[in-house]
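Student: Numbers in the working numbering are just positions in the sequence shown, counted from 1, shifted up by 5.
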Amino acid sequence: MNFDILVNRKNTDCIKWDGLKEIYGKDDILPLWIADMDFESSPEIIDALINRSEHGVFGYPLISAKIFEPFIEWNKRRNGLNIDQEWILTCPGLVTGFTLGILAFTKEGDGVMIQTPVYPPFHSSVKNNNRILIENQLIEKEGYYTIDFEDFERKIRENNVKLFILCNPHNPVGRVWTLEELERMAEICLKYDVKIFSDEIHSDLILKGYKFKSILSLDEKYKKIIISAMAPSKTFNIAGLTASMVLIPDEDTRETYDKVRQSLSIGMLNIFGLTALEAAYRHGEQWLEEVMSYIEDNFDYMISFIKEEMPHVKCRKPEATYLGWLDFRNIYPKQDDLNDFLINKAKVALNSGLTFGKQGEGFVRINLGCPRSILEEALNRIRTAL
Numbered sequence: 006m007n008f009d010i011l012v013n014r015k016n017t018d019c020i021k022w023d024g025l026k027e028i029y030g031k032d033d034i035l036p037l038w039i040a041d042m043d044f045e046s047s048p049e050i051i052d053a054l055i056n057r058s059e060h061g062v063f064g065y066p067l068i069s070a071k072i073f074e075p076f077i078e079w080n081k082r083r084n085g086l087n088i089d090q091e092w093i094l095t096c097p098g099l100v101t102g103f104t105l106g107i108l109a110f111t112k113e114g115d116g117v118m119i120q121t122p123v124y125p126p127f128h129s130s131v132k133n134n135n136r137i138l139i140e141n142q143l144i145e146k147e148g149y150y151t152i153d154f155e156d157f158e159r160k161i162r163e164n165n166v167k168l169f170i171l172c173n174p175h176n177p178v179g180r181v182w183t184l185e186e187l188e189r190m191a192e193i194c195l196k197y198d199v200k201i202f203s204d205e206i207h208s209d210l211i212l213k214g215y216k217f218k219s220i221l222s223l224d225e226k227y228k229k230i231i232i233s234a235m236a237p238s239k240t241f242n243i244a245g246l247t248a249s250m251v252l253i254p255d256e257d258t259r260e261t262y263d264k265v266r267q268s269l270s271i272g273m274l275n276i277f278g279l280t281a282l283e284a285a286y287r288h289g290e291q292w293l294e295e296v297m298s299y300i301e302d303n304f305d306y307m308i309s310f311i312k313e314e315m316p317h318v319k320c321r322k323p324e325a326t327y328l329g330w331l332d333f334r335n336i337y338p339k340q341d342d343l344n345d346f347l348i349n350k351a352k353v354a355l356n357s358g359l360t361f362g363k364q365g366e367g368f369v370r371i372n373l374g375c376p377r378s379i380l381e382e383a384l385n386r387i388r389t390a391l
């Protein structure tokens, strides 16, 4: 596919482009913020949706076994996972998925731990459900993030933590946690009987030289505490079709989770989401390889540009995702000043780092899932404004 093509997304009820005025206060700025791509999805997915729409009847769908067969095969082939279909519970999205986990495995006043800086709904879902938000702050050194394991265990021990929401690959810092890191976190969680809910929505967006390891790849002894959640939404740019899966190997854990899911009548997916899910994992691999190659080139271009043209801005190439994490602290250590500069002077819309946690102050997240010309324009605007 030609990912240089500019697809006009304006006036399509697209939050990335049509929501600028509401969110940033102006609509004459270039959006590289929310995590969806400006590329058309896989042609096979589009064709499957067209074929389904032409049937003309859109009644209640049957979530049949064949829908998940390509997903199971995909994960066996690409990630070495042996997923049993009975593990799979559907939900509209991963935010819904881990919010259900909060409701299922904790009660009001319990601690729920996250690793900051991290995806903003990790914060809000905990607080909105009257749980105590516990932060295990990642250690940053020259743009590379690692886990503070001593703090990890201490926070669990001292704060009645019952659930740990893991982001793997990590949004926004781009780490793909190693098997050794996953095992060390799981061992601590097992010691204190803490459930791990692993948001693995970016697990197919792995850059060259790295290998994704799911929480599901851990030893059998961790079975009772591990939960994974995956979806085709980021991978194939179909977030608007709301089709996600929560994978729970342990039967008792799955029953506990499903009781909450059923009590809230959450789980039915729409016809088009199911159609896209099956088509994506059955036919979308070539498209994914092509789009990841393009995104890899976008990262190489951006990092070279920043090094040569904006040396006071720091950025390390991530291990996964199409999201860059830009460090402006040498120029704008205060987030309000940085946001004002980007919106009103550079006229670009990026995600404020502070929304990911206080460690994100002076950072912004940039979305590289776009044609090169848009990325070039955004970087040139920032350079000129500086």
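Glycine included, every Cβ here is placed at the ideal spot set by N, Cα and C.
Would you call His317 buried or exposed, if buried means 16 or more other Cβ atoms sit within 10 Å of its Cβ?
Tutor: Counted from its first residue, the sequence shown places residue 317 at position 312. Classification for His317: exposed.
Student: Just to confirm, is the Cβ distance from Phe304 to Leu331 under 8 Å?
Tutor: As a working note, residue 304 is residue 299 in the sequence shown. As a working note, residue 331 is residue 326 in the sequence shown. For Phe304 and Leu331, no; Cβs fall outside 8 Å.
Student: Tell me whether Ser203 sits in a helix, a strand or coil according to DSSP, three-state version.
Tutor: Walking along the sequence shown from the start, residue 203 turns up at place 198. Three-state DSSP puts Ser203 in a strand.
Student: State buried or exposed for Ile144, treating a residue as buried only when at least 16 other CB atoms are found within 10 Å of its CB.
Tutor: On the sequence shown, position 139 is the one that residue 144 refers to. Exposed, because fewer than 16 other Cβ atoms sit within 10 Å of the Cβ of Ile144.
Student: So who's on the other strand from Tyr149, going by DSSP bridges?
Tutor: Along the sequence shown, read from residue 1 onward, the residue named residue 149 stands at position 144. In the DSSP output, where bridge partners are listed per residue, Tyr149 has Lys146.
Student: Excluding the five sequence neighbours on either side, which residues of its own chain have a C-beta within less than 6 Å of the C-beta of Tyr215, listed in chain order?
Tutor: For the purposes of this step, residue 215 is identified with residue 210 of the sequence shown, where counting begins at 1. Once the five neighbours on either side are set aside, the close Cβ partners of Tyr215 are Val181, Glu324.
Student: CA-CA distance, Asp33 and Lys352?
Tutor: The residue labelled residue 33 in the question sits at position 28 within the sequence shown. The residue labelled residue 352 in the question sits at position 347 within the sequence shown. When rounded, the distance between both Cα atoms is 7 Å.
Student: Between the stretch 258-273 and the stretch 94-109, can you find at least three pairs of beta-carbon atoms closer than 8 Å?
Tutor: A contact exists between the stretch 94-109 and the stretch 258-273.
Student: Under DSSP, the alpha helix (DSSP H) around Cys194 begins and ends at which residues?
Tutor: Start at 1 with the first residue of the sequence shown, and residue 194 comes out as number 189. Cys194 -> alpha helix (DSSP H) spans 184-196.
Student: With a threshold of 16 other CB atoms inside 10 Å of the CB of Ala390, please say whether the residue is buried or exposed.
Tutor: As a position in the sequence shown, residue 390 is number 385, starting the count at 1. By the 10 Å Cβ count, Ala390 comes out exposed.
Student: Please return the same chain residues whose Cβ sits closer than 7 Å to the Cβ of Phe277, not counting the five positions on each side in sequence.
Tutor: Numbered from its first residue, the sequence shown carries residue 277 at position 272. Excluding sequence neighbours, Phe277 sits near Leu54, Arg57, Leu246.
Student: Do Ser233 and Leu252 come within 8 Å of each other at the CB atom, strictly closer than that value?
Tutor: Taking the sequence shown and counting its residues from 1, the one referred to as residue 252 is at position 247. Taking the sequence shown and counting its residues from 1, the one referred to as residue 233 is at position 228. Yes. Within cutoff.
Student: Roughly how many whole angstroms lie between the Cα atoms of Glu59 and Asp52?
Tutor: The residue given as residue 59 occupies position 54 in the sequence shown. The residue given as residue 52 occupies position 47 in the sequence shown. Rounded to whole angstroms, Glu59 to Asp52 spans 11 Å at the Cα level.
Student: Taking the beta carbon of Lys226 as the centre, do at least 16 other beta carbons fall within 10 Å, making it buried, or is it exposed?
Tutor: Walking along the sequence shown from the start, residue 226 turns up at place 221. Exposed, since its Cβ has fewer than 16 Cβ neighbours within 10 Å.
Student: Can Ile201 and Ile231 be called in contact, C-beta distance under 8 Å?
Tutor: Residue mapping note: residue 201 aligns to position 196 of the sequence shown, counting from 1. Residue mapping note: residue 231 aligns to position 226 of the sequence shown, counting from 1. Yes, they are a contact pair.
Student: Does the stretch 152-160 come into contact with the stretch 121-137, if we say contact requires no fewer than three beta-carbon pairs (one atom in each stretch) closer than 8 Å?
Tutor: Output reads no: the stretch 121-137 does not touch the stretch 152-160.
Student: In chain order, what residues of the same chain lie with their CB nearer than 7 Å to the CB of Lys319, ignoring the 5 residues before and after it?
Tutor: For this step, residue 319 is matched to residue 314 along the sequence shown. Same-chain partners within the cutoff: Gly148, Asp332.
Student: Have a look at Asn165 and Gly114 and give me their C-alpha separation to the nearest angstrom.
Tutor: Mapped onto the sequence shown, residue 165 falls at position 160. Mapped onto the sequence shown, residue 114 falls at position 109. Rounded to the nearest angstrom, the two C-alpha atoms are 9 Å apart.
Student: With three or more C-beta pairs closer than 8 Å as the rule, is the stretch 267-277 touching the stretch 38-48?
Tutor: Short answer: they don't touch.
Student: What three-state label does DSSP hand Asn133 in the structure shown?
Tutor: Counting from 1 along the sequence shown, the entry for residue 133 is found at position 128. Asn133: helix per DSSP, three-state reduction.
Student: For Asp209, which option in Thr326, Ile137, Glu155, Pro97 has the closest C-alpha, if you only look at C-alpha atoms?
Tutor: The sequence position of residue 209 within the sequence shown is 204, counting from 1. Minimum Cα distance to Asp209 is reached at Thr326.
Student: Use the C-beta contact count for Arg266: other C-beta atoms within 10 angstroms, 16 or more gives buried, fewer gives exposed.
Tutor: Position 261 of the sequence shown holds residue 266. Buried, by the Cβ-count rule.
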